[in-house]
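Novice: Residue numbers (mature numbering (1 follows the signal peptide of the UniProt record, and there is no 0)): -26 to -1, 1 to 168. For each residue, glycine too, the CB sits at the ideal point set by N, CA and C. Only a predicted model underlies this, so the values are computations on that prediction, with no experimental measurement involved.
#1: Among the candidates 49, 122, 38 and 144, whose CA atom is the shortest distance from the CA of residue 64?
#2: Compute the beta-carbon to beta-carbon distance between residue 140 and residue 149, rounded to the nearest angstrom, for a pair I have assumed lies under 8 Å.
#3: To the nearest angstrom, how far is the alpha carbon of residue -2 from that of residue 95?
#4: Taking residue 66 as part of the alpha helix (DSSP H), name the residues at either end of that continuous run.
#5: If the criterion is Cβ atoms closer than 8 Å, does the pair residue 33 and residue 57 meet it?
#6: Applying the criterion that 16 or more other CB atoms from any shown protein chain within 10 Å of the CB defines a buried residue, is residue 47 buried or exposed?
#7: Using 10 angstroms around the beta-carbon of residue 119, count the other beta-carbons present and answer buried if the total reaches 16, otherwise exposed.
#8: State the DSSP-derived secondary structure class of residue 166, mapped to helix, strand or coil.
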């Protein structure tokens, strides 16, 4: 019986330690005003005819810690990876990482197909929705699920909860609110029609 109690005590201690690790990596500021977020940057695929120096694989996978006092955005956490980040003129969008930029495969009057950098974010423990989702918009994520951010990374505040509108041009129409608990920047093939 003593052995069983010891084993249960050890198992409980392990479970508690694992729980602390998950909590400490959340985007909620710690007591000392630090925000730690796991960030992963990966080249998922390249065109079959690609002749550059980039290769498929993970460029960065680790925790990034920034001060809450600096009001960091998701882009600040991406910048803090130490990778060379090329950005659009206004700084809102990633145009390249370590020299790998967008590659157009097909561009027509009503469609686009090409490789580019996309950003997914991990929702927090709570997701609340407001308003009505347009039929064309992606659904709000479930709690703790990954979603494609409808906002530029420079517009995603990492301290506490963030409102994500379904329609960026009409933000009062509805959206969802959640904290961001992880950032995944991926180079992938994207296809869009209009």
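Specialist: Straight from the coordinates:
#1: In the chain shown, counting from the first residue as 1, residue 64 sits at position 90. Residue 64 has its Cα closest to that of 49, out of 49, 122, 38 and 144.
#2: The count along the chain shown starts at 1 and reaches residue 140 at position 166. The count along the chain shown starts at 1 and reaches residue 149 at position 175. The Cβ separation is near 5 Å, so the contact holds.
#3: Start at 1 with the first residue of the chain shown, and residue -2 comes out as number 25. Start at 1 with the first residue of the chain shown, and residue 95 comes out as number 121. Residue placement at residue -2 is flagged as unreliable, the pLDDT there being 41, under the threshold of 50; the coordinate-derived value follows with that caveat. Looking at the two C-alpha atoms, the distance is approximately 14 Å.
#4: If you number the chain shown from 1, residue 66 lands on position 92. Residue 66 -> no alpha helix (DSSP H), and no H or E assigned at all.
#5: For the purposes of this step, residue 33 is identified with residue 59 of the chain shown, where counting begins at 1. For the purposes of this step, residue 57 is identified with residue 83 of the chain shown, where counting begins at 1. It is a contact, given that the beta carbons lie within the stated cut-off.
#6: Here residue 47 corresponds to residue number 73 of the chain shown, with the count starting at 1. Result: buried.
#7: In the chain shown, residue 119 corresponds to position 145, counting from 1. Exposed: under 16 other Cβ atoms inside 10 Å.
#8: Position 192 of the chain shown, counted from the start, is the residue given in the question as residue 166. It is a strand residue.
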